[in-house]
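Residue 0 in the working numbering sits at position 14 of the sequence shown, and the numbers go up by one each step.
Note that CB positions come from ideal geometry on N, CA and C, so glycine has one too.
Small disclaimer: the values here were computed from a predicted structure and weren't measured.
This report concerns only the one structure given below.
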Amino acid sequence: MFMTCQQAAEAGNLEEFIRLYEGDNSRLSVKDSKGRTAAHQAAARNRVNILTFIHGQGGNLNAQDMVGNTPLHTAVENDSLDALEFLLKM
């Protein structure tokens, strides 16, 4: 099954996320049709392991989607408390 970094982030599958990432930082910035990045997807599903990896690779945890929401906003909207706490520390 073909999976994108965003789908792996949403699923919380760090191993698959790293495999798809392949050391290519541009993949951390890929946006879906609503302008959301893998960080948005991870924040929505409370996937701190993915957010930690993205941060460690220098990924943008403040990217805005099409309506201006960052992963922090997404964490709040989805009651993703662990992700919210992580993002507030960044």
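Notebook entry, point to check: Taking DSSP as the reference, what is the three-state secondary structure of Gln68?
Noted result: First, the amino acid is wrong: residue 68 is Asp here, not Gln. In the structure shown, Asp68 sits in a helix (DSSP, three-state: H, G or I).
Checklist line | Simplified DSSP state of Thr56, which is helix, strand or coil | finding: coil
Next item on the list: Answer yes or no: do Glu75 and Met52 have a C-beta to C-beta separation smaller than 8 Å?
Entry: First, the amino acid is wrong: residue 75 is Lys here, not Glu. Contact flag unset, no.
Margin query: Rounded to the nearest angstrom, what separates Pro57 and Gln50 at their Cα positions?
Written below: 8 Å
Notebook entry, point to check: Is Thr(-10) closer than 8 Å to Leu6 when the C-beta atoms are compared?
Noted result: yes
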